[in-house]
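**Student:** This is the structure I want to talk about, given as structure tokens.
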Amino acid sequence: MKTLFLLGAAAIATAPLLREGGEEAAKKSCCKTTACETAAPSATLASVVKPATKPAYDPDSTGSILVTALFEGDVPERLADLVIDAAKSEGCSDHQIDRTDRTRLITEDGRIANVVVTVEIEGQRPEIPEEPILIDQRGCRFEPHIAVLPVGAHVRFANSDAVNHNVHTFAKRNSPLNRNIAGGSEEVQRLEKDETIEVKCDIHPWMRGYIHVTEAARYGATNLQGTSSLEGLPPGDYKVKYWHEELGKGTSEVVTVAAGAATELELRLGGEKKKKGRRGR
Amino acid sequence: MADRGDTHYHVPNLNFWFLLSSVILLVTAVWMVIDDYSASWKEYQREFRKIELERTDAELASERAQAVIAEEARLQAQLDLVRKGLLSRQGEIDAVGAEITALKGAVFNSIESAKKAKQEYNWERYLIEEHRLHDGDPEYGAAKLAEYEQRMIDGAIEQERDEIALGAKEAELAAVMASVTNAEGDIKVVAKEIELVRKKKDALDPDDPAAQIANLIRNDIPGLDFVGPTIKVDKVVLDNLTFELNFTQKVRIDMCQTCHQAIDREGFDGPEGYGPDELAHPYRSHPRLDMFVTAKSPHPMSEVGCSICHRGAGEALDFQRIDHNVSRIFEPEKAERWEEKYHWHKQHYWDYPMLTSDKVEASCVQCHKTTMDLIADEAPEVSEGYKLFERYACYACHKVDWFPTKRKPGPSLKNILAKVDEDWIASWVANPRGFRPTTWMPQLFHLENWAPEQEIVKSDYGKGRVILGQEWNDSAVAAITAFVADRAPVQELPPIPADGDAQAGREGFRLSGCLACHTTQAFDGEEPETKDLAFDPTRYNEHGPNLRGVGTKLTPEWLYSWIRDPAAMWSETRMPNLRLSEQEAADITAYIVEDPDGVFTDVPDGWNVAAVDSTAEVLQEQARWYFSRVSRDELADRFQGKIEEFRWDRKEELEVAVGEKLVQQYGCYSCHEVQGYENAMPIGTELTAWGSKTVDKLDWALLANKFQEHGEWDQHTREEYKSYRENWIRQKLHEPRSFDREKVKNPVERLKMPWFALESHEVEALITFVTGLVDDEVQHAKMVPSADQLAMNQGLQAIRQQNCVGCHVIEPGTVTFRDDDGDVHTVEAELLSMDEFLDAWVHPVPPQTGMDALNEYLAGYEEYLEEEVEDVGIRLLAPEPDVGQPGENVFIPREDLIDVSPAWGGDFVALAANYYYFGVEQYDAEEDAYSSVWGSDDPDDEGLVGDADGEARDYSGEPYDKLRWTFAPPVLYDEGGKLQKEWFYSFLKDPVPLRPQLRVKMPTFNYPEGHAGAIADYFAQQAVLDWPSRFARELRLSLGLTTEDLAARAGISPDDLRGIEAGKRPETEAKFPDVLTFAREAGFSWYPAVNPSYERSVRRSPTYLDGVAADHRDYLAAGSRLAREGPQCFQCHFDAGDAPNADPIAWAPDLALTRDRLREDWVEEWLTNPARVYPGTAMPGNFLTDPPQYQEISPDTSNEEQVDAVTDWLFNYDRIPPRN
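Each protein sequence line maps, in turn, to chains A and B.
Reminder that position 242 of the first sequence reads as 843 in the numbering used here, one-by-one numbering, no gaps.
Reminder that position 251 of the second sequence reads as 252 in the numbering used here, one-by-one numbering, no gaps.
Structure, rendered in structure tokens:
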């Protein structure tokens, strides 16, 4: 039985069983925000997989960190929608094609979606989900855009479109994969090393997704509201690591977690860009 | 004896003389013996015996040997115990022994009686049968015969019984003794390892006192050591390799090994305890035993000897007389040591001293003239010399009869005025390096023998004024310019038909491939502000001239015409035709002329284009010298314009006349096409046999003497300097006019060799090559290269000269590292990009040019990203047993990384990918900021690159690897295994667009005769050579065996297997058949080797097609349907010219070309797993899932069957209606 969880109001689970309901939920929650009115994503933008035992965390003995990712400085304009030629997306049309450019999803008040957040607990390894994590190719997009999963988990690449896709992962520490996946077929791969992997379909160049493989015990990605909750943390001091495909990566200040409480943490990304240095060869 | 008085001589006197002469004779004899005994070579041999003895002792004392000895002792003790045990049973053994003796006697008797019975039977049978024949009674004597037969059978039975009894007894004894024999056998097996060492030790230093005495007498007693000498002259007689000595051909005899005892033996190169100091020459091994000396090397000593390569007097046995040689420049300490130890000096009675160790490669030339490119890896120094000789076109002035390149290296001057103006020509001729410091054009004027202030002559036959060097040269330059202009009437070029856009031209310049052969690096030597690869001379982009500043030089019309069709402007140019459209060529022209990036108008400080003025008076004086056969009066008439056909009263005409003479003198036409001088002879000394020229034939002039006079050199230094031909040519190349120093010469006889501004290493390489140009002394032993070798050599030469490697990676680079077990691997691999997600201005791919560059990059990366780099990732590009399959990534901790070496070729790949990824980096000095610019100066167009379908798209966010595989020229790994040779040849001759998404096109080359065929041959031949190595690796990977295991099972040594896997020829030739046999028995199959002379497409043959049709009707149509509907090949691939329905970044080659273009084996391998063939390719694995896909299209088919069906269809593409 898949036990994939939704995180945040707008994030939608990818488990097929929950897909219909998830989309409903997304639409509902989405419309509360101003950004969503324009972005109005019809499909999954972020997905995080939680261990099967959730919610096993004892709410009295553990605490949580509620992360909010905020843009530092003037919020940039929304990126233009992807230009997808109708002829070149033939076969994707069974599903509504989402043209949102997911590289940079930031609300007008600066909340950043799709920021991967991870926190390590000393002496704890992440639990490995029993079922492979699904990355579907629907409407010629990777769903979800970014999958966060623990080291040792399996990923299942599927294709819900009528047209062929090739899943081309630009993995380095894990084995790189480049497979043609016909509609209805799938391919499963175990990811054994922590790294962020870009996933492309060479046939449909606009298709791009990420797999973030982590060794951290707790992980998540911010939803469209720019928040993510890292739960089940024993009381203590933690540092949250974050990663965003465009705005870079970093580590937060020390956060103290108390039992039974949610500590809030604001991450500020993308402010002053690092001074462009001389390009090494 | 008393004096009898009847002799005319005085006996006591005679006795005295007799005594005296006896004493003298005795002393002489003793002296002779002592002298002979103490001959230096004997000392060396005695010393070498000591070394050997020490080594055997050390070997026996080694841990391993000690372990063996201990084990042996243990077994011995066991044996003794067993023997002791047997003693108690001695009675029993003796009894059995006695029984055996008795039985042996019985066996002997029974054998004898059986023999006798047989003979009797045979005799009786003969008699009886004779009788039967004559009597006709077939029953005669039957009973008698039966009786004899029975006797014979009884005898045989008795013999067998006795033998069995004996065997049983012997077995009984053997069983008793077995424990002893087994133990003895064990000892032998254990001791086998050190047996050889022991034997050697025994020969050198025997335990047996008698042998000791014999050794002592033979080796150590003066005068007796002739008895059975172990110390003796080792020589090799080479009947074929004669050399000329005093006008006779003499057989070459080399005695070098007499002193260099260990030269053919491995291991005398200073292992533990024998460092270079302890084990100096002559006791060392040859440093390249794999190449030289040993019997299995390509140059065995028994066939080529020593002096054929090293020179020197091979027959001498004395250090001096051999004419040993050492370079004072490169090994000064050794030279001093030699002087001290051997009183080393030049042996004056020998013309060909040994080559110093830095020049020994010179000898390769005498046999390898036709394979100079092929030996480049093994003989780098002489190869560099050979290539420089070609690049600087020494051959154009100095004839070398066999030199393969003949073309004129400089551009044609026939339409020069359409390209540049006269002032530019004059400024260039006066000082080419002033405009382009890296040019290959040498400087001809203003050199030391025409120093500006030097008085050259007095004008008007010595009656006029003094003319100085400056004036003389200026007038000469002006005259040459006038003559060149006179012979190049301007042929108007058509106007540029399109308006060029400089911004679009930047993109065209970057993506058309210009930078594969040209750099735009600034000359001032300062670090450029931006790290633009275009500014960097890497390895192959200095093939053409540096383009810095050319915008100031060229006319736009000429530039346009040149870019469009170079060969039309200069028939021998190597610049290929890029098949640019009018608009593209106009854009690039505009980019260079308008120069928005400040590159093409940037000229070195001090470069100033100005007319060079001549002076009538100087020109007249020059005319007097150059026209010295014309009488004084006539010359005067010409100057005054009195002779109609030679009116020289106008300066212009006088300039042209003098200019022609100067062009003749300096041989400009040797390098440039000059009208009227197309077939003129070269002007320099022929160098075909320069290395055989004796030093006394070289004009040393006054240089060395002057050094001595000025007190800088002593007599000895001067003499030594003039004894070695290398010194002469070194001086000539560094300061070509210096042999005129201190000489009084008239202006037409002064030295004219130009100055090439060669760097020291270039000079040394050229010396090596030219020293190797010797008389053909080795006619009989001359290497006769095989047709394959010749083809490969020609191919390599063509690849170099056409600069294929500017764009294409032909062979991958390697990475050397230590694995977890401490084993060192050198694998074909490329470094992985580091981090592609960050907008960091760090080039994603670390440099693979060496550890220094890599470490520098990593340090910068760490500093910029503030994170430690612990390991470096590599991607394997070839199957590597014990490491992994091609396409697998391996991360190596930095401390385990030993070396990285670059791929062969492909510098343009990074340039093209960089443009898509970064654009062109620009530096704003005011803001101190860097930015990127692409083919437009509109900020909204940032990142946009023109695509092949006419759209502009932004690819800067794509993974760098993807850009590299999609938009850069393809790699050519194993191209011979991939392409059908015939198609390859026709493609080289007349390229068709294969990868339509590429902006850089395969150009149409202006090949000299044979180059296209040679390139195709080279790749096919290389595939044949690589195949055994590949096969062995695949075999070992597939069986999962270690080197040792596979070698043992195939019945070869692990070293041989390593040699085969590393592609070494001797091992492959000798042992690969064993590997093949083993593989066949083990049931391993792999794609067969390429057949470079003839290959056919089996899948197209009627027999094959009938066979598959018998199993499946409409087989090919089914294959077509599978391809179209299963993996949907035409989503990306072109279909007989029709573009796929995708963006150009997804485009792939036309499948209709497959059957003519690709080899079947390769296609099958490729379809099976593309990432294994080209790690990183965008082509997905279409037939790799488990369970297999596409079952609704081709039910119940496996992945292999699907691959097979699609391959069959591809090779019969024309037989299936193209559209279903």
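Positions of the beta carbon are idealized from the N, C-alpha and C atoms, including for glycine.
Could you give the DSSP three-state label for residue 772 of chain B: helix, strand or coil?
**Tutor:** In the three-state reduction of the DSSP assignment, residue 772 of chain B falls in the helix class.
**Student:** Measure the C-alpha to C-alpha separation of residue 487 of chain B and residue 674 of chain B and round it to an integer number of angstroms.
**Tutor:** 14 angstroms
**Student:** For residue 764 of chain B, does the three-state DSSP call read helix, strand or coil?
**Tutor:** helix
**Student:** I want to verify the contact list: residues of chain A whose CB lies under 7 angstroms from the CB of residue 892 of chain B, in sequence order.
**Tutor:** 774
**Student:** What is the rounded straight-line gap between the Cα of residue 674 of chain A and the Cα of residue 668 of chain A?
**Tutor:** 19 angstroms
**Student:** For residue 923 of chain B and residue 620 of chain B, I'd like the C-alpha separation in whole angstroms.
**Tutor:** 51 angstroms
**Student:** Check the C-beta distance from residue 748 of chain A over to residue 729 of chain A and give it rounded, since I have them as a contact under 8 angstroms.
**Tutor:** Going by Cβ atoms, the distance from residue 748 of chain A to residue 729 of chain A rounds to 14 angstroms, so no, they are not a contact pair.
**Student:** Near residue 726 of chain B, what residues of its chain come up, given a Cβ to Cβ distance below 6 angstroms and the 5 sequence neighbours on each side ignored?
**Tutor:** 696
**Student:** Tell whether a beta-carbon distance below 8 angstroms holds between residue 891 of chain B and residue 877 of chain B.
**Tutor:** yes
**Student:** Under 7 angstroms Cβ to Cβ from residue 146 of chain B, same chain only, skipping five residues before and after it: list those, please.
**Tutor:** Correct list, in chain order: 125, 126 and 129.
**Student:** Spell out whether any CB of chain A is found under 8 angstroms from the CB atom of residue 561 of chain B.
**Tutor:** no
**Student:** Along the alpha helix (DSSP H) that carries residue 92 of chain B, what are the first and last residues, could you check?
**Tutor:** Membership of residue 92 of chain B in the alpha helix (DSSP H) is indicated by the continuous run 91–136.
**Student:** Could you name each continuous alpha helix (DSSP H) segment of 4 residues or more that falls completely within the segment 338–421 of chain B, going from the start of the chain to the end?
**Tutor:** 365–369, 381–392 and 395–398
**Student:** Tell me which residues of the segment 738–769 of chain A have at least one Cβ-Cβ distance to chain B shorter than 8 angstroms, keeping chain order.
**Tutor:** 764, 765, 767, 768 and 769
**Student:** Residue 16 of chain B bridges to which residues according to DSSP?
**Tutor:** DSSP lists no partner for residue 16 of chain B.
**Student:** Could you tell me whether any Cβ in chain B is nearer than 8 angstroms to the Cβ of residue 672 of chain A?
**Tutor:** no
**Student:** Please name the residues in the segment 870–894 of chain B whose beta-carbon is closer than 9 angstroms to at least one beta-carbon of chain A, in chain order.
**Tutor:** 874, 876, 888, 889, 890 and 892
**Student:** Taking its Cβ as the centre, do 16 or more other Cβ atoms sit within 10 Å of residue 1063 of chain B, making it buried, or is it exposed?
**Tutor:** So residue 1063 of chain B counts as exposed.
**Student:** What is the DSSP secondary structure of residue 659 of chain B, reduced to helix, strand or coil?
**Tutor:** helix
**Student:** Using a cut-off of 8 angstroms between C-beta atoms, extract the partners of residue 393 of chain B located in chain A.
**Tutor:** Under the 8 angstroms cutoff, chain A gives no residues; its nearest Cβ is about 29 angstroms from residue 393 of chain B.
**Student:** Between the segment 780–806 of chain A and chain B, which residues of the former have a C-beta closer than 7 angstroms to a C-beta of the latter?
**Tutor:** For the segment 780–806 of chain A, the residues whose beta carbon sits under 7 angstroms from a beta carbon of chain B are, in order, 780, 781, 783, 786, 788, 797, 799, 801, 803, 804 and 806.
**Student:** Under a Cβ-count criterion, where at least 16 other Cβ atoms within 10 Å of its own Cβ denotes burial, should residue 25 of chain B be classed as buried or exposed?
**Tutor:** Counting Cβ neighbours within 10 Å, residue 25 of chain B comes out exposed, since fewer than 16 surround it.
**Student:** According to the neighbour-count rule (16 or more other Cβ atoms, all chains shown, within 10 Å of its Cβ), is residue 285 of chain B buried or exposed?
**Tutor:** With 16 or more Cβ atoms within 10 Å of its Cβ, residue 285 of chain B is classed as buried.
**Student:** By the 7 angstroms beta-carbon criterion, what residues does the segment 1174–1205 of chain B contribute toward chain A?
**Tutor:** Taken in chain order, the members of the segment 1174–1205 of chain B whose beta-carbon sits within less than 7 angstroms of a beta-carbon on chain A are 1179, 1181, 1182, 1183, 1185, 1186, 1190 and 1191.
**Student:** What residues in the segment 541–553 of chain B have a beta carbon less than 9 angstroms from any beta carbon of chain A?
**Tutor:** none
**Student:** Quick check on the burial criterion: 16 or more other C-beta atoms within 10 angstroms. Buried or exposed for residue 823 of chain B?
**Tutor:** exposed
**Student:** Do we get a CB-CB distance below 8 angstroms when we pair residue 689 of chain A with the residues of chain B?
**Tutor:** yes
**Student:** What number of angstroms, rounded off, separates the C-alpha of residue 590 of chain B from the C-alpha of residue 476 of chain B?
**Tutor:** 35 angstroms
**Student:** Alpha carbon to alpha carbon, how far is residue 336 of chain B from residue 834 of chain B?
**Tutor:** 49 angstroms
**Student:** Which runs of the beta strand (DSSP E) spanning at least 3 residues fall entirely within the segment 703–777 of chain A, listed in chain order?
**Tutor:** Runs of the beta strand (DSSP E) inside the segment 703–777 of chain A: 717–720, 734–739, 742–744, 747–751, 755–760 and 766–770.
**Student:** Quick check on residue 1150 of chain B - is its C-beta less than 8 angstroms from some C-beta in chain A?
**Tutor:** Closer than 8 angstroms: no.
**Student:** Could you check whether the Cβ of residue 1119 of chain B sits closer than 8 angstroms to any Cβ belonging to chain A?
**Tutor:** no
**Student:** Are residue 1246 of chain B and residue 552 of chain B close, meaning C-beta to C-beta below 8 angstroms?
**Tutor:** Past the boundaries of the shown model lies residue 1246 of chain B; chain B is included only from 2 to 1221, so the question cannot be answered.
**Student:** Using the Cα positions of residue 430 of chain B and residue 478 of chain B, report the straight-line distance between them to the nearest angstrom.
**Tutor:** Inter-residue distance for residue 430 of chain B and residue 478 of chain B is about 7 angstroms (C-alpha atoms, whole angstroms).
**Student:** Quick check on residue 330 of chain B: does DSSP put it in helix, strand or coil?
**Tutor:** coil
**Student:** Count the other CB atoms within 10 Å of the CB of residue 261 of chain B; is the residue buried (16 or more) or exposed (fewer)?
**Tutor:** The residue in question, residue 261 of chain B, is buried, as its Cβ has 16 or more Cβ neighbours within 10 Å.
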